[in-house]
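Q: What follows is a structure written as structure tokens; I'll ask about it next.
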Amino acid sequence: MARKQAGTFTKDYIENSCVGIPGKRIFCRDGLNGLGLAIDARGEKLSKTFIFETMLHGQNLRLNIGKYPTWTIEDAQGAPGNSRH
17 MARKQAGTFT
27 KDYIENSCVG
37 IPGKRIFCRD
47 GLNGLGLAID
57 ARGEKLSKTF
67 IFETMLHGQN
77 LRLNIGKYPT
87 WTIEDAQGAP
97 GNSRH
């Protein structure tokens with residue numbers, strides 16, 4: 017998957033560029049304070065979920081925020097841990 021500039025998730029990018037690989041779960045990072053998108057193509061239907069990713073005590077911690085498109089980009093950016101301020 018092509019890299020993209022940090023902090024620039026858009027609806028168009030998520031719908032058209034984050035396509036997934038059959039049988040795999042991949043992650044697309046926005047670069048905005050740990051915000052990312054998990055793209056799961058392991059089942060019959062493609063699933064996209066906003067995630068928060070950080071390091072805690074030397075371990076990678078990944079938490080689900082909410083499924084796209086139920087959660088908008090703005091909702092995910094405003095979730096705890098993703099504050100722009």
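In my numbering, the protein residues as written are 17 to 101. Using N, Cα and C, we set each Cβ at its ideal position, and we do this for glycine too.
1) What are the boundary residues of the alpha helix (DSSP H) that includes Ala-92?
2) For Ser-33, which beta-bridge partners are listed by DSSP?
3) Under a three-way DSSP split, which group does Asp-56 fall into?
4) Going by beta-carbon coordinates alone, are Leu-79 and Phe-68 separated by less than 7 angstroms?
5) Just to confirm, is the Cβ distance from Ile-30 to Ile-42 under 7 angstroms?
6) Three-state secondary structure (DSSP) at Lys-27?
7) Determine, using beta carbons only, whether Ile-37 comes closer than 7 angstroms to chain B.
8) Whose C-beta lies closer than 7 angstroms to the C-beta of Ala-92 among residues of the same chain, with five residues either side of it excluded?
A: In this structure, then:
1) 89 to 94
2) None; Ser-33 has no bridge partner.
3) strand
4) yes
5) no
6) helix
7) The chain inventory of the structure shown lacks chain B, comprising one protein chain alone.
8) Leu-51, Phe-66, Ile-81, Gly-82 and Asn-98
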